[in-house]
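Listed in order, the protein sequences are those of chains A and B. Note that the numbering used here has the first sequence beginning at 1, numbered continuously upward. Note that the numbering used here has the second sequence beginning at 1001, numbered continuously upward. We put the beta carbon where it would ideally sit given N, CA and C, even for glycine.
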Amino acid sequence: MKLIKSEFRKVFYPKSFIWLTIGAMGLASLSTAPAAYAIKRFAKLALPGHGLENADVVDGIYSKSISGYLFVMIIGALAMTGEFKHNTAVATFLASPKRHHVMWAKMLVAAVVGIAVMLISTATGFIAAYLGLQQYSDAAAPHSSVFIDTLGAAVVTGAVLAVIGVAIGTLIRSQTPAVVGIVIYMYLVERLIIVFWPDGGKWLPTGLITSMTNLKVSTSAGPMTIDTSAYLEPTPAIFMLIAYAVVFALLALTTTLRRDID
Amino acid sequence: MSETTPIEFINLTKDFGKSHAVHALSAKVARGRITGFFGPNGAGKSTSLRCLLGLAKATSGQALIDGKAYAELVDPLHKVGAILDSRGFNGSLSGKKNLLIVAAAGGIADSRVDEVLDLVELTGAANHKTKGYSLGMMQRLSLAGALLGDPEILVLDEPGNGLDPIGIAWLRSFLRKLADEGRTILVSSHQLAEMQHTVDDVLVMNQGELVAAGKIADVQGGLSLEEAFLKIVMAKK
Ligand SMILES: Nc1ncnc2c1ncn2[C@@H]1O[C@H](COP(=O)(O)OP(=O)(O)O)[C@@H](O)[C@H]1O
Ligand SMILES: [Mg+2]
Chain A
1 MKLIKSEFRK
11 VFYPKSFIWL
21 TIGAMGLASL
31 STAPAAYAIK
41 RFAKLALPGH
51 GLENADVVDG
61 IYSKSISGYL
71 FVMIIGALAM
81 TGEFKHNTAV
91 ATFLASPKRH
101 HVMWAKMLVA
111 AVVGIAVMLI
121 STATGFIAAY
131 LGLQQYSDAA
141 APHSSVFIDT
151 LGAAVVTGAV
161 LAVIGVAIGT
171 LIRSQTPAVV
181 GIVIYMYLVE
191 RLIIVFWPDG
201 GKWLPTGLIT
211 SMTNLKVSTS
221 AGPMTIDTSA
231 YLEPTPAIFM
241 LIAYAVVFAL
251 LALTTTLRRD
261 ID
Chain B
1001 MSETTPIEFI
1011 NLTKDFGKSH
1021 AVHALSAKVA
1031 RGRITGFFGP
1041 NGAGKSTSLR
1051 CLLGLAKATS
1061 GQALIDGKAY
1071 AELVDPLHKV
1081 GAILDSRGFN
1091 GSLSGKKNLL
1101 IVAAAGGIAD
1111 SRVDEVLDLV
1121 ELTGAANHKT
1131 KGYSLGMMQR
1141 LSLAGALLGD
1151 PEILVLDEPG
1161 NGLDPIGIAW
1171 LRSFLRKLAD
1181 EGRTILVSSH
1191 QLAEMQHTVD
1201 DVLVMNQGEL
1211 VAAGKIADVQ
1221 GGLSLEEAFL
1231 KIVMAKK
């Protein structure tokens, strides 16, 4: 309990937390409204029936509201790398020499904060998607299930990616490499894998997160959609994502967490 | 009341690769006294203290507090308060918020933060960001952090580093006051002259080894501590 209170203070005292939340909201918005525009714009290139008049395509735009998760992962990583950047790790581990207690507290707090940030940023994404789609009178209405599916996926994603972030921060310790590594991996490496090797890509976090939104986009239709027909069902995707978090957390707990604190 | 040793090093060795940072250090620190932990830069003082505080793992041997490893202490911040040369603060937060974070982790009331800031005369700067603090203010904030849990034992690594003469004088009288309250203090310094009039006992390190230990007067043998140190080191060669 003591450690949890301390970890909440570490998250909420610095102003950077507000910027990270705004970043998540911005990323969610930029992933939705412009997608409506792009699909409309390139509609001629897509197969007939895969424009905004298709409710599945509109669902796909709304489900992109989940995209703020990158910031949640960064919030998780900063929870540990910040300790080494500011040399507060000494005080933290003097107060709690049983280091795994600190890591559990950080993971729990990051998960709670991650869920909150995801709910806020996903809701922001919905609004941006709605406003973006309003520009096009022929756009279909989304299925009502997309909101529940996406919010559910957002909650799981917020908790699990925050935990993975803490584990990565523990493994790497150094702030800039950890954050840059997360961004490059999530935004470049995984996207390339998903495009060029979809069978493998569906097992990676981004693919699993898409699976959890329960999207049913059956063919690669336009520049902004991916084929999710071969993706996992939401439930196995949730378990697979949790498995990633467990592996990373165990790895961190048993290796770098035990190293000397300078 | 059984008399345990507040701080004890038992054959402590810490290697980094092939080099011994600390080699076979055995020493006891007496209760209720100020013990100076002296030696030039690189002598192994900080490494010994980091092993004592559970931040670094000893290669062999032990460093104990009241007969226990630091990690086994039930309420560590109430038992030991520490300053380490590598202890830092989040520069974008105020001194007070930095301490509130530590207080929460130690289960210490928020009101105690104001008390310790007052003790080290930082009340006026309590709400300023620590990145604007001078070196002397940082040292006093560290000291405030060490005192949060009102600990019986203080382990202070180079608390005088970067202080001007007035700051050093303040520190000396502050440590004396803390010792008079019955606390046990182990204070390190690489400037042998800085603390020689403040400490009761000394442990002198050189190149990872303990080269002298005892009451300050006995170790000095009528010389200044610096002269005594050079004599001891020369005699070993
Ligand atoms: N993390 C580390 N990795 C490698 N060598 C280290 C490390 N920490 C200290 N040392 C070395 O150990 C020796 C003792 O250092 P230290 O304990 O900091 O001395 P002191 O505090 O007395 O100045 C020095 O030679 C130093 O270079
Ligand atoms: Mg040192």
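Asked	Found
Following a CB-centred definition, is Ser-1189 of chain B positioned closer than 7 Å to any heavy atom of ligand 1?	no
Hey, could you find the ends of the alpha helix (DSSP H) Glu-1227 of chain B is sitting in?	1225-1236
Please go through the same chain and pick out, in chain order, the residues whose beta-carbon is closer than 7 Å to the beta-carbon of Glu-1226 of chain B, but skip the five residues on each side of it.	Leu-1192 and Ala-1193
Quick one: list the residues of chain B neighbouring Arg-9 of chain A, beta-carbon separation under 8 Å, in chain order.	Lys-1097, Leu-1100, Ile-1101 and Ala-1104
With distances taken from CA atoms, which of B:Val-1202, B:Gly-1124, B:Thr-1123 and B:His-1197 is nearest Lys-1028 of chain B?	B:Val-1202
In the DSSP output, what is Asp-1201 of chain B paired with across the bridge?	B:Thr-1035 and B:Lys-1215
Pairs of beta-carbons, one from the stretch 1094-1110 of chain B and one from the stretch 1049-1068 of chain B, closer than 8 Å: are there three or more?	no
Compile a chain-ordered list of the residues in the stretch 182-200 of chain A whose CB is closer than 7 Å to at least one CB of chain B.	none
Tell me the DSSP secondary structure of Lys-1057 of chain B in three-state form.	coil
Please confirm whether Val-90 of chain A has its beta-carbon closer than 8 Å to some beta-carbon of chain B.	yes
Just how far apart, CA to CA, sit Lys-85 of chain A and Ala-1109 of chain B?	27 Å
Going by C-alpha distance, which of A:Arg-9, A:Leu-151 and A:Ile-209 is nearest Thr-124 of chain A?	A:Leu-151
So with CB distances below 9 Å, who are the chain A contacts of Lys-1028 of chain B?	Simply none; closest approach about 22 Å.
With 8 Å as the threshold, decide whether the Cβ of Arg-1112 of chain B is near any Cβ in chain A.	no
For a contact defined as C-beta to C-beta under 8 Å, what are the partners of Phe-93 of chain A on chain B?	Gly-1054 and Leu-1055
Would the C-beta of Asp-1157 of chain B count as close to ligand 2, meaning under 7 Å from any of its heavy atoms?	yes
Sort B:Lys-1057, B:Ala-1179, B:Ala-1217 and B:Asn-1206 by Cα distance to Arg-258 of chain A and report the nearest one.	B:Lys-1057
At a CB-CB cut-off below 7 Å, which residues of chain A make contact with Gly-1088 of chain B?	His-86, Asn-87 and Thr-88
Can you confirm whether Ser-1092 of chain B, when its beta carbon is compared against all beta carbons of chain A, has any partner nearer than 8 Å?	yes
Any heavy atom of ligand 2 closer than 7 Å to the beta-carbon of Ser-1046 of chain B?	yes
Compare the Cα-Cα distances from Met-1137 of chain B to each of B:Gly-1149, B:Leu-1148, B:Asn-1161 and B:Asp-1150 and report the closest residue.	B:Asn-1161
Is Met-1195 of chain B near ligand 1 - that is, is its Cβ less than 7 Å away from at least one heavy atom of it?	no
For Ala-1010 of chain B, which residues does DSSP report across the bridge?	Before going further, note that residue 1010 of chain B is Ile rather than Ala in the sequence given. In the DSSP output, where bridge partners are listed per residue, Ile-1010 of chain B has B:Gln-1062.
Can you name the start and end residues of the beta strand (DSSP E) that Lys-968 of chain B belongs to?	A query on residue 968 of chain B cannot be resolved here, the shown segment of chain B reaching from 1001 to 1237 and no further.
Nearest CA to the CA of Leu-1154 of chain B: which residue from B:Trp-1170, B:Asn-1206, B:Leu-1052 and B:Leu-1100?	B:Leu-1052
Just to make sure I have the definition right: I need the residues of chain A whose C-beta is within less than 9 Å of the C-beta of Tyr-1070 of chain B. Which are they?	Leu-94 and Pro-97
What are the residues in the stretch 1138-1163 of chain B lying within 7 Å of chain A by C-beta distance?	Gly-1145
Between Ala-1071 of chain B and Ala-245 of chain A, what straight-line distance do the alpha-carbon atoms span, to the nearest angstrom?	27 Å
Could you give the first and the last residue of the continuous beta strand (DSSP E) run that contains Leu-1154 of chain B?	1153-1156
Just checking Asp-275 of chain A against ligand 2 - is the residue's beta carbon closer than 7 Å to any of the ligand's heavy atoms?	Shown here, chain A extends from 1 to 262; a query on residue 275 of chain A therefore has no answer.
Are the C-beta atoms of Leu-1077 of chain B and some chain A residue less than 8 Å apart?	yes
Using a Cβ-based criterion (distance less than 7 Å to any ligand heavy atom), does Asp-1238 of chain B qualify as near ligand 2?	Lying before the first or after the last residue shown, residue 1238 of chain B is absent from chain B, which here runs from 1001 to 1237.
What in chain B is Cβ-close to Met-106 of chain A, meaning under 7 Å?	It is Lys, not Met, that sits at residue 106 of chain A in the sequence shown. In chain order: nothing, as chain B lies at least about 11 Å away.
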